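S.K.: Okay, handing you the structure first.
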Amino acid sequence: MKRAMVLLSAMCALGLAASCIASAPQQQEAPPPTGADYELELRFEKGGAPVDNIIHVAWIENRDESFFKYIFTSERLDYTVFTGNSGYSNIRTKATCPYWRKSLYETTLDDGIDAVSGPTRKPEGSYTGFSSLTALPEGSPSRFTAYFEIDRSFDGNDWWNDQPAILYSADVDLSGGEAQKTIALTARGWSRNAGGGSGGNENQIAGNPPASTIGALQAEMRYITRKAASGGTAFGDAYAAGSASDATNMTASLTLTATRQ
């Protein structure tokens, strides 16, 4: 009997150990770095809404935020070189492209912006979009997220006197060593520039949308894409395709293509 009890106790102990092993969180293997140089091409194709007075910034970063790289910035965002007139003096204080500013730029302010930069887009009848190239050297993270934030002045709708900045993103995985991969960036959310007033995103309907912190990403895209109904307490129909009242209509297509060199 004593031997049987000892054997039973040992079996229970083994079973408990096996249960603990099975339920223990599994360590995720870190993705390998890229084994080759890649050229990244960001391509923006204009939609039906106007794109005058726009400012935009594009970058990539990995999940643990140990790596980031700029792809493109409008020169009006780079205060180390920008010497525009006083009419643009509120760009910095009013947090143009606020998600980028709060999550990345304010932590790298002393370093300036290491990026391909270009002039803010002007209203031109022939303008259809742009593309921008940057290198991703061998040994860079093979998995990262691409971001693109676009901000336009004077584009009110049912909810805003001036719509907030729109953030697009896409997860990229180059760990397979593909010769080429193209990923579409999709609208992920919006961020207020300021609480209201000049240069800010003041509500057209009191209290709707609810208050949010400058630069905090908000996922409810119906404040951008849909009309207000029932006195501002509900969402109505979608804005017409190409309408300037929907800030996502500025973008017809936004892609990142990685080409192995």
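When you read off a place in the sequence shown, starting at 1, and then add 624, the result is the number in my numbering. Think of the CB as a built atom: it goes at the ideal place given N, C-alpha and C, for glycine as much as any other residue. Predicted model, so just to flag it, every value in this text is computed and none were measured.
To the nearest angstrom, how far is it from the Cα of ARG767 to the Cα of ASP688?
M.R.: Here residue 767 refers to the residue found at position 143 of the sequence shown. Here residue 688 refers to the residue found at position 64 of the sequence shown. Approximately 11 Å, taken between the alpha carbons.
S.K.: Taking the C-alpha atoms as reference points, what is the distance between ARG884 and PHE754?
M.R.: Translated into the one-based positions of the sequence shown, residue 884 becomes position 260. Translated into the one-based positions of the sequence shown, residue 754 becomes position 130. Roughly 21 Å between the two C-alpha positions.
S.K.: Rounded to the nearest angstrom, what separates TYR847 and ARG667 at their Cα positions?
M.R.: Here the question's residue 847 lines up with position 223 in the sequence shown. Here the question's residue 667 lines up with position 43 in the sequence shown. Looking at the backbone, the Cα of TYR847 and that of ARG667 are separated by about 26 Å.
S.K.: Measuring only the C-alpha atoms, how far is LEU809 from ILE838?
M.R.: Along the sequence shown, read from residue 1 onward, the residue named residue 809 stands at position 185. Along the sequence shown, read from residue 1 onward, the residue named residue 838 stands at position 214. Rounded to the nearest angstrom, the two C-alpha atoms are 23 Å apart.
S.K.: Rounded to the nearest angstrom, what separates PHE772 and GLU762 at their Cα positions?
M.R.: Taking the sequence shown and counting its residues from 1, one reaches residue 772 at position 148. Taking the sequence shown and counting its residues from 1, one reaches residue 762 at position 138. Cα-Cα distance, rounded: 23 Å.
S.K.: Determine the closest residue to LEU728 out of PHE691, ALA789 and LEU760, with distance taken between C-alpha atoms.
M.R.: Counting from 1 along the sequence shown, the entry for residue 728 is found at position 104. It is PHE691.
S.K.: Would you tell me roughly how many angstroms separate the C-alpha atoms of ILE774 and ILE679, rounded to the nearest one?
M.R.: Here residue 774 refers to the residue found at position 150 of the sequence shown. Here residue 679 refers to the residue found at position 55 of the sequence shown. Straight-line Cα distance between these residues: approximately 6 Å.
S.K.: Sorted by chain position, which residues of the same chain lie with C-beta nearer than 7 Å to GLY659's C-beta, five sequence neighbours on each side aside?
M.R.: Reading the sequence shown from its first residue, position 35 is the one you call residue 659. Only GLU762 and GLY801 meet the Cβ criterion.
S.K.: For ARG667, does the three-state DSSP call read helix, strand or coil?
M.R.: Taking the sequence shown and counting its residues from 1, one reaches residue 667 at position 43. Strand at ARG667.
S.K.: Which full runs of the beta strand (DSSP E) of 3+ residues lie inside the stretch 745-803, going along the chain?
M.R.: 753-760, 767-776 and 789-797
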